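J.: All letters in the sequence shown, in the order written, are residues 33 to 107 by our numbering.
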Amino acid sequence: MSAGNDEVDEVIQHDRLSEEADLLTTLEASARVREVLRDTRRELAQAESNEATDLELTVLREKITQLEVALQRYR
């Protein structure tokens with residue numbers, strides 16, 4: 033489970049050029065998706081520890097699955 037913790041604690045590097053030029057580069061798009069994925073994993077961990085309903089957990093897990101699929105487009 034340490035791999036999951038590494039992903040939750042991951043520091044996301046944004047594309048400086050993208051930010052300076054106000055562009056959405058592939059690198060920046062990937063960073064944004066990874067950031068949402070990291071935050072959603074944190075939210076899921078919190079929901080699990082707070083004994084959230086099955087529906088809430090299912091929604092978060094589905095969101096993670098969709099984000100992982102989206103992230104594959106940038107690899």
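Glycine residues also receive a C-beta, built at the ideal position from the N, C-alpha and C atoms. What you are looking at is a predicted structure, and each value in this text was computed from that prediction instead of being measured.
#1: Give me the Cα-Cα distance between A79 and T57, rounded to the nearest whole angstrom.
#2: Considering only residues of the same chain and omitting the five flanking positions on each side of A63, which have a CB-CB separation below 7 Å?
#3: Pick helix, strand or coil for T97, following the three-state DSSP scheme.
#4: Excluding the 5 residues preceding and the 5 following K95 in the sequence, name in chain order all residues of the same chain whose CB lies nearer than 6 Å to its CB.
#5: What do you reckon, are the CB atoms on E100 and L69 nearer than 8 Å?
T.: The short version:
#1: Those two C-alpha atoms are separated by around 33 Å.
#2: In chain order, I44, Q45, H46, D47 place their CB closer than 7 Å to the CB of A63, counting only its own chain and leaving out the 5 sequence neighbours on each side.
#3: The answer is helix: DSSP assigns T97 an H, G or I state.
#4: Cβ neighbours of K95 beyond the five flanking positions: T72.
#5: The answer is yes: Cβ separation under 8 Å.
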